[in-house]
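Sequential numbering of the sequence shown, starting at 1, is according to full-length UniProt numbering.
We treat Cβ as the ideally placed atom computed from N, Cα and C, and that holds for glycine.
What you are looking at is a predicted structure, and each value in this text was computed from that prediction instead of being measured.
Inspection log for the structure reproduced underneath, given as structure tokens.
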Amino acid sequence: MADGHIASRDCSGAAPGAPDADEARDAAVAAFERLDRISHAVLGRAEGGLSPVALGLAWADWAAHLALSPGKQAELAWKAARKATHLMRAMTPHAEDDPGARPLDPLPQDRRFKAPEWERFPYAFYAQSFLHAQQWWHNATTGVRGVEDRHEQMMEFFARQWLDMVSPSNFLATNPQVMARTTEEHGANLIRGWSYFAEDMAKLLQGGEEPEPTLIPGRDVALTPGKVVFRNDLIELIQYAPATDRVHPVPLLIVPAWIMKYYILDLERTNSLIGWLVGQGFTVFAISWKNPGEDHRCLGFDDYRKLGVMEALDAVSAITGAQKIHGLGYCLGGTLLAVAAAAMARDGDDRLASITMLAAQVDFTEAGELSLFTNEDQLALIEDMMWEEGYLDKTAMAGTFSMLKSKDLVWSHMVRAYLMGERETDGAMASWSHDATRMPYRMHSEYLRRMFLENDLAEGRMEAGGAPVFLQDISVPVFAVATEADHIAPWHSVYKLTWALPGEVTFALVSGGHNTGIVSPPDEPRAKYRLMEHRPGMTHPGPEDWAAANPVRSGSWWLRWAKWLEKRGEGEKIAPPPMGKGRKYRACAEAPGAYVLER
């Protein structure tokens with residue numbers, strides 16, 4: 001488009017200057033396009049960032065094929081009758097003597113009906129009715145011949161969302177724990193809950209902002225001592241002060257996800273991975289991403305690689321004098337680090353000694369339920385939401401992540417607050433989760449399209465620095481960590497690193513979720529992990545076969561990983577490097593810096 005304002009919004013780089021005869025036409029076209037974008041953005045915000053068109057297409061595909069499948073209809077009718085019969089038998093007074101009347105168990109991760117109060121009538125009937133309906137709807141939305149895989153996944157997902165909304169655990173009369181609390185407090189819990197509900201609704205009507213973090217970086221969290229030794233328009237680089245007289249000769253650079261603040265790895269002193277690494281004698285640097293605004297709308301994925309990873313590597317090399325550097329990428333930061341590593345290998349840059357990937361993906365064909373929100377229609381809606389302001393606001397992504405675990409992050413929270421009358425006090429991780437960042441228009445659009453939609457990195461179509469990059473060029477050792485209950489980077493997807501990369505790959509499958517599994521210090525009593533050490537030339541077992549054949553080890557993966565890093569270092573320990581160096585990399589501020597405090 002010739003209109004300079006519109007061109008700048010679309011990051012096309014087009015310059016104004018079209019002939020006068022074309023200016024009116026181009027301005028009209030731009031105005032019509034802007035009207036479309038604004039209307040789509042309004043719709044997207046009203047729908048919480050979800051596309052009703054995408055859901056409608058999925059429903060039409062499923063409903064039409066189900067209507068044309070008399071065998072599937074008969075199967076569902078038969079299963080409904082069987083489940084009704086089983087439910088009635090399970091509710092009879094002597095059900096424990098009937099082997100065919102054993103109650104259904106909730107899914108392992110479903111804690112809603114774990115309390116013993118749910119075993120008494122009539123609450124057992126409510127819970128069992130819900131579990132039977134849950135099973136039936138799973139059968140109804142899956143296995144319908146002719147339905148596209150993505151549409152089937154969407155229907156199964158949204159059917160589960162609706163069921164979670166009407167769960168008996170969500171209502172006063174059908175939740176025995178809420179009834180007991182109400183009787184015990186003579187209804188005072190409901191009065192408190194109503195006041196909390198009114199307070200939350202008032203905040204929502206005033207702007208719908210996500211809760212602000214209650215713990216402040218540098219005061220309550222992110223307490224590991226250090227200095228900001230480099231700053232550009234996109235990152236601050238933090239160098240952490242040594243805690244030992246001698247340090248390992250190979251420094252470590254941490255590349256966190258740009259969607260959240262880096263201090264998930266430096267929460268409290270008891271569970272700070274950064275603080276623990278410094279205590280183990282490692283020289284640690286961490287990138288702290290700037291919270292982008294409208295003027296960053298045209299920063300793309302490759303800008304994050306160049307201004308983020310590559311300029312940070314240059315700084316680490318200059319400050320420490322090290323020839324080799326360990327790289328660590330967390331979540332989206334791991335994907336970015338993989339692209340940077342492939343580009344470095346292509347260009348003959350051999351500064352990386354190893355790569356650690358924490359809950360990070362390079363192949364997005366099994367990216368889990370998050371991929372349901374990256375179809376073409378959904379991406380167009382997200383792009384239009386970003387277009388006017390130049391970024392995607394943190395509340396849009398927060399809503400998406402909440403939907404992925406709605407029974408825990410939405411409904412269970414509402415039950416505790418509005419029915420039980422319990423206002424949750426944010427711990428360090430909960431406060432961090434409210435400290436999200438914005439995402440630039442161009443970067444987020446490129447990331448969603450090239451990774452989730454097109455899978456360009458895994459399939460060899462990704463470019464960096466104007467030339468293609470290939471994962472197969474990465475030859476340095478890799479330590480990959482996946483978490484068992486990850487709803488953002490499912491472990492089966494992270495496992496693909498074992499065959500996507502040609503070199504040595506050590507793979508750890510750890511207990512916990514996307515964040516809790518990573519933030520798992522050595523004194524965590526519930527920590528467990530499985531380990532694979534894959535070498536070139538070895539066969540590649542399937543993920544489930546490998547997990548079944550490997551024993552679970554007690555303890556934190558941190559200890560095993562630290563030994564792995566030590567073995568890939570070079571030589572004896574040395575004196576700590578200076579905190580910053582020269583004018584370009586001088587220490588200019590105390591950790592955690594200024595960017596992490598931006599809202």
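- Judged by DSSP in its simplified three-state form, ARG423 adopts coil rather than helix or strand.
- Excluding the 5 residues flanking it on each side, GLY56 has no same chain C-beta neighbour closer than 6 Å.
- If you check the CB distance, TYR126 and PRO168 come in under 8 Å.
- For the set LEU453, SER433 and ARG305, the Cα lying nearest the Cα of GLN378 is the one of LEU453.
- If you keep only unbroken alpha helix (DSSP H) runs of at least 4 residues inside the region 494 to 518, you get 497 to 500.
- Residue pairing for GLN239: DSSP places it in a beta bridge opposite LYS227 and PHE285.
- HIS540 is classed as exposed because its beta carbon has fewer than 16 other beta carbons within 10 Å across all chains shown.
- Taking the Cα positions, TRP557 is about 12 Å away from ARG526.
- Just so you know, the alpha carbons of ASN291 and LYS261 end up roughly 9 Å apart.
- Straight across, the Cα-Cα distance linking PHE171 with VAL415 is about 8 Å.
- Counting along the chain, THR483 sits inside no alpha helix (DSSP H); it lies in the beta strand (DSSP E) bounded by residues 478 to 483.
- Between the region 236 to 251 and the region 277 to 291, the count of Cβ pairs shorter than 8 Å is three or higher; the stretches touch.
- Per DSSP, THR183 is one residue of the alpha helix (DSSP H) stretching across 176 to 185.
- In this structure the region 549 to 568 lies against the region 474 to 486, because at least three pairs of beta carbons, one per stretch, are closer than 8 Å.
- For TYR126, the enclosing alpha helix (DSSP H) covers residues 123 to 141.
- Ranking GLU236, PRO122, VAL469 and GLN134 by CA distance to the CA of PRO106 puts GLN134 first.
- Annotation for LYS528: the continuous beta strand (DSSP E) segment containing it runs 528 to 534.
- With fewer than 16 neighbouring CB atoms inside 10 Å of its own CB, THR270 falls in the exposed class.
- Its Cα nearest to that of SER431, the residue ILE264 stands out among SER475, LYS567, GLU463 and ILE264.
- LEU531 is the residue among TRP561, ALA173, LEU531 and VAL147 whose C-alpha sits nearest the C-alpha of ASN550.
- Residue ALA380 holds the alpha-carbon nearest to the alpha-carbon of ALA54 among HIS444, VAL309 and ALA380.
- Note on geometry: alpha-carbon atoms of ARG461 and MET451 lie some 10 Å from one another.
- A distance below 8 Å separates the beta carbons of ALA591 and GLY226.
- Taking a contact to require three or more Cβ pairs closer than 8 Å, the region 348 to 362 and the region 490 to 498 qualify as touching.
- In this structure, the straight-line span from the alpha carbon of GLU23 to that of CYS11 is close to 19 Å.
- CA-to-CA, the gap between ASP61 and GLN153 works out to about 12 Å.
- A Cβ-Cβ separation of about 15 Å leaves VAL255 out of contact with GLN239 under the 8 Å criterion.
- In the DSSP assignment, MET357 falls outside any alpha helix (DSSP H) and lies within the beta strand (DSSP E) extending over 352 to 358.
- Straight-line spacing of the CA atoms in ASP473 and ALA345 works out to 6 Å.
- Take TYR123, set aside five residues on each side of it, and the residues of its chain with a beta-carbon closer than 6 Å to its own are PRO176, in chain order.
- In the three-state reduction of the DSSP assignment, GLU590 falls in the strand class.
- In terms of Cβ geometry, THR516 and ILE259 do not form a close pair [threshold 8 Å].
- In the DSSP assignment, ILE254 falls within the unbroken beta strand (DSSP E) covering 252 to 255.
- Sorting ASN189, LYS584 and LEU497 by C-alpha distance to the C-alpha of ALA417 places ASN189 at the top.
- Taking all protein chains in view, the Cβ of PHE121 is surrounded by fewer than 16 other Cβ atoms within 10 Å, so the residue is classified as exposed.
- If you draw a straight line from the Cα of GLY329 to the Cα of ARG553, it is about 24 Å long.
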